[in-house]
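Undergrad: Residue numbers (our numbering): 52 to 136. The beta carbon of each residue, even a glycine, is placed where N, CA and C say it ideally should be. Take this structure, written in structure tokens, and hold onto it; I'll ask about it next.
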Amino acid sequence: MKIQAEISLYPLCENEYSRPIKQFIRFLDNNNLNIKTGPMSTLVAGDSQVLFEKLQQAFEQIADEYKVVMTAKISNVCPKVNQDK
52 MKIQAEISLY PLCENEYSRP IKQFIRFLDN NNLNIKTGPM STLVAGDSQV
102 LFEKLQQAFE QIADEYKVVM TAKISNVCPK VNQDK
């Protein structure tokens with residue numbers, strides 16, 4: 052099933068909050084997922100199994116190093132991210 056997720060990551064107790072966010076997005080990066088970053092969240096679209104697996108792996112890797120809060124909204128009816136891919 053194709054799905055889309057809107058994900059926000061909030062690093063806690065960090066002076067430089069952009070570093071963990073950039074690391075998190077790199078962990079998510081996968082040729083099977085379409086990713087579009089924005090100022091407040093990141094949109095990720097692709098196969099549900101791939102997306103959920105990568106999301107879990109990315110969260111676990113970043114949570115091992117930083118204190119973070121992650122929010123996610125997931126839908127099977129939203130328009131596709133980066134439709135030109």
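1) May I ask which residues mark the beginning and end of the alpha helix (DSSP H) holding P71?
2) Leaving out five residues before and five after C129 in sequence, what residues of the same chain have Cβ atoms less than 6 Å from its Cβ?
3) Sorted by chain position, which residues of the same chain lie with C-beta nearer than 8 Å to N81's C-beta, five sequence neighbours on each side aside?
4) Going by C-alpha distance, which of P62, A109 and K53 is nearest F78?
5) Take the Cβ of L60 as the centre, count every other Cβ of all protein chains shown within 10 Å, and call the residue buried at 16 or more, exposed below.
6) Taking Cβ positions, are E116 and P71 nearer each other than 9 Å?
7) Please state if the CB of K118 and the CB of L63 are separated by a distance shorter than 9 Å.
8) Just the C-alpha distance for P90 and Q107, rounded to the nearest angstrom, thanks.
TA: Quick answer:
1) S69 to L79
2) Counting only Cβ-Cβ distances below 6 Å, and skipping sequence neighbours, we find Q55.
3) G97, V101 and K105
4) A109
5) buried
6) Their beta carbons are under 9 Å apart, which means E116 touches P71 by this criterion.
7) yes
8) 22 Å
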